[in-house]
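Chains as they are written, first to last, in my numbering: chain A, 10 to 351; chain B, 10 to 351. Quick reminder that beta carbons are idealized off the backbone N, C-alpha and C, glycines included.
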């Protein structure tokens with residue numbers, strides 16, 4: 010009897026792998042691809058045309074750089090780092106320059122990067138002096154045996170490597186100082202933080218994290234995420250961006266993921282690694298996995314993810330009114346989007 | 010044809026759930042259970058009898074408290090917090106008092122707690138003033154909408170709640186100051202950290218994190234982990250203990266896990282959530298999942314995990330010479346162990 014069960018189990022295992030329902034109908038099998046996001050906050054339908062153009066231009070510039078690098082055969086890890094640096098430099102997005110400010114009106118930056126070929130990864134949280142937190146995260150990965158460095162220690166590590174430094178006058182833009190001043194007046198009780206604040210400043214409160222995931226020409230996946238976190242955050246609050254498996258993840262065996270939204274929900278639900286686990290152990294496609302996690306596991310109006318798998322399938326899944334995002338691949342796809350369909 | 014495939018797939022799904030090979034042979038179905046660990050560092054065979062007794066006594070005291078609370082029907086979350094507090098107070102273990110010291114000879118403490126019934130969680134990293142980091146982590150979970158607070162901000166949050174404070178004279182024991190002085194002399198090049206240091210101070214370098222996982226009488230799972238991290242750590246290095254899904258995880262649907270070892274490997278491999286994912290999506294037992302992750306995913310001599318599932322199955326899996334650990338349950342199990350079998 011046990012032998013029959015064993016035979017049956019083997020047969021089942023084979024059939025499960027063969028089952029055509031478990032694979033994505035639009036499966037791609039070669040080439041390179043890139044997806045980027047600039048946050049899932051705000052309601053794009055209510056944005057001015059000027060603001061929409063600004064965001065689309067920012068995404069497009071980052072996408073074009075990434076696409077050029079991929080065409081040249083550059084490693085995915087270099088691509089995600091350079092693309093995120095462009096978004097960090099762009100004050101339109103909540104990462105690097107132009108980041109939202111914490112309770113004290115200061116900047117505190119988080120970032121993470123991961124190499125899908127060997128699961129090497131690096132992350133930093135609450136850095137204040139390093140101009141490009143994503144590059145600092147990469148050096149944590151390559152120049153230490155650690156994964157996560159935080160606070161002034163992380164900045165000191167960057168200084169020891171002579172990474173470019175920057176001060177408050179660089180990171181804090183007039184627009185963000187103004188948004189912070191409004192926020193400060195509006196939220197009298199700071200005892201409890203609301204991840205979701207009400208009112209017309211929403212788009213300033215949730216400008217959104219930036220991220221990039223890539224499948225390079227050699228078939229390697231990479232992911233990078235960078236953020237200023239939550240407007241008015243206090244007590245050294247850290248979100249999901251620098252948490253490997255929550256807001257950032259890459260593994261050649263499955264996919265590369267970068268998330269944006271209410272970081273706490275991404276952490277407690279292991280969003281990025283859950284998507285990978287559903288593919289790996291549940292034999293689901295990337296699209297099915299990302300949809301299940303974003304649309305059924307995460308609370309409503311929480312955020313979204315960008316992801317790409319080892320076959321070049323691209324996913325941009327969110328449960329908010331919009332997610333600033335862009336995607337391109339070697340098959341000629343080229344999209345820059347803000348709202349549900351535009 | 011597609012209808013036949015659909016039918017086959019449904020049949021397969023049913024058979025997969027029925028397949029007796031997928032369930033643990035010694036499956037338990039009721040009652041409560043508790044597992045604790047006090048680190049996977051050092052070689053127990055080389056320890057003095059006195060040191061072994063000291064560690065066994067510490068584990069036993071923590072286990073007895075947890076067992077009594079479980080018998081009384083206390084919630085699992087209260088049990089893991091109180092048990093970890095006992096281990097934090099015990100200078101034998103690398104958490105709270107008696108923790109290892111960072112490069113500067115200072116203490117920096119990390120902790121996390123997670124409620125399996127709703128995936129609520131709280132964590133703190135690099136705190137220096139709060140006497141019981143695990144209780145601070147719990148208050149992050151219950152008194153904020155955040156998951157992770159770090160550095161002086163986390164301590165300020167604890168002070169605002171009037172949690173008990175402590176200074177260097179409390180945390181830094183003579184034994185740890187001595188170990189740190191030896192370490193300082195021995196490692197001239199601090200540029201790169203070796204997670205694994207050589208020599209006879211190994212047991213002091215890797216005294217080990219503490220943790221507790223519980224299935225309570227109501228069927229709820231909970232996990233808690235607390236640590237002083239890595240001897241001589243610098244640049245605000247944070248390991249896996251406060252990272253939900255890496256060193257700490259609990260979900261009633263699968264299991265509760267607490268890890269100990271080279272934190273970086275636990276983070277990049279999402280150790281705790283990977284064990285849960287193999288159960289949830291791969292229909293593996295807790296024992297199979299934990300064994301696969303610890304023995305095949307993690308590098309050799311890296312660390313271990315304690316875990317308990319929603320049926321009360323207990324796992325203590327490690328790939329080091331030993332892991333200080335203890336387990337007890339409502340069926341009368343009562344074990345306190347240090348090495349492979351003793």
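Taking 9 angstroms as the CB threshold, residue 325/B stays off the interface with chain A. Judged by DSSP secondary structure, residue 118/A falls within the beta strand (DSSP E) whose first and last residues are 118-124. For residue 161/A, the C-beta contacts it makes with chain B under 8 angstroms involve 245, in order along the chain.
Bridge partners of residue 217/A according to DSSP: none are assigned. At a cut-off of 4 residues, the continuous stretches assigned as alpha helix (DSSP H) that sit fully inside the stretch 274-326 of chain A are 280-291, 295-301. Apart from sequence neighbours up to five positions away, the residues of its chain that approach residue 40/A with a beta-carbon distance below 7 angstroms are 321, 338, 339, 340, ordered along the chain. Per DSSP, the beta bridge partners of residue 234/B are 121/B, 220/B.
Rounded to whole angstroms, the Cβ separation of residue 142/A and residue 149/A is 10 angstroms, and the two are not in contact under 8 angstroms. Using a Cβ-Cβ cut-off of 9 angstroms, residue 225/B does not count as an interface residue toward chain A, since no Cβ of chain A sits closer than that to its own.
Restricted to the stretch 93-149 of chain B, the beta strand (DSSP E) segments that are unbroken, complete and at least 3 residues in length are 118-124, 129-136, listed in chain order. DSSP links residue 335/A through a beta bridge to 45/A, 345/A. Across the stretch 285-297 of chain B, CB contacts with chain A closer than 7 angstroms involve 286, 287, 290, 291, in sequence order along the chain.
Chain B places a beta carbon closer than 9 angstroms to that of residue 165/A, counting this residue as a contact. Taking the CA atoms as reference points, residue 164/B sits about 35 angstroms from residue 285/A. Distance from the CA atom of residue 190/B to the CA atom of residue 305/B, rounded to whole angstroms, is 36 angstroms. DSSP, read as helix, strand or coil, puts residue 186/A in helix. A distance of 9 angstroms or more separates the beta carbons of residue 253/B and residue 272/B.
Your pair residue 315/A and residue 282/A does not check out as a contact, with CB atoms roughly 15 angstroms apart and the cut at 8 angstroms. Between residue 237/A and residue 118/A, the CB-CB gap stays under 9 angstroms.
Rounded to whole angstroms, the separation of the alpha carbons of residue 43/A and residue 246/B is 31 angstroms. In the DSSP assignment, residue 174/A is bridged to 139/A. Counting the other CB atoms within 10 Å of its CB gives residue 308/B a total below 16, which places it among the exposed residues.
At the C-beta level, residue 194/A and residue 173/A stay beyond 9 angstroms of one another. Against chain B, a Cβ distance below 9 angstroms from residue 135/A picks out 159, 160, 162, 245. When the alpha-carbon of residue 318/B is set against those of 262/B, 45/B, 160/B, the nearest one is in 262/B. Listed along the chain, the chain B residues whose CB falls inside 8 angstroms of the CB of residue 255/A are 253, 254. Annotated as distal: residue 324/B and residue 301/B, with beta-carbon spacing of 9 angstroms or more. When DSSP reads this structure, residue 246/A sits in a beta bridge with 158/B.
Rounded to the nearest whole angstrom, the CA to CA distance from residue 79/B to residue 78/A is 58 angstroms.
With a cut-off of 8 angstroms on Cβ pairs, the stretch 59-68 of chain A is in contact with the stretch 94-104 of chain A, counting three or more such pairs. For residue 226/B, no beta strand (DSSP E) run applies, since DSSP gives it neither H nor E. The beta carbon of residue 235/A sits no closer than 9 angstroms to any beta carbon of chain B. The beta-carbon of residue 129/B is placed less than 9 angstroms from the nearest beta-carbon of chain A. No Cβ-Cβ contact shorter than 9 angstroms links residue 241/A with residue 250/A.
In this structure residue 299/A is buried. Its beta-carbon is surrounded by 16 or more other beta-carbon atoms within 10 angstroms. Contact with chain A is absent for residue 332/B, since none of that chain's Cβ atoms lies less than 9 angstroms from the residue's Cβ.
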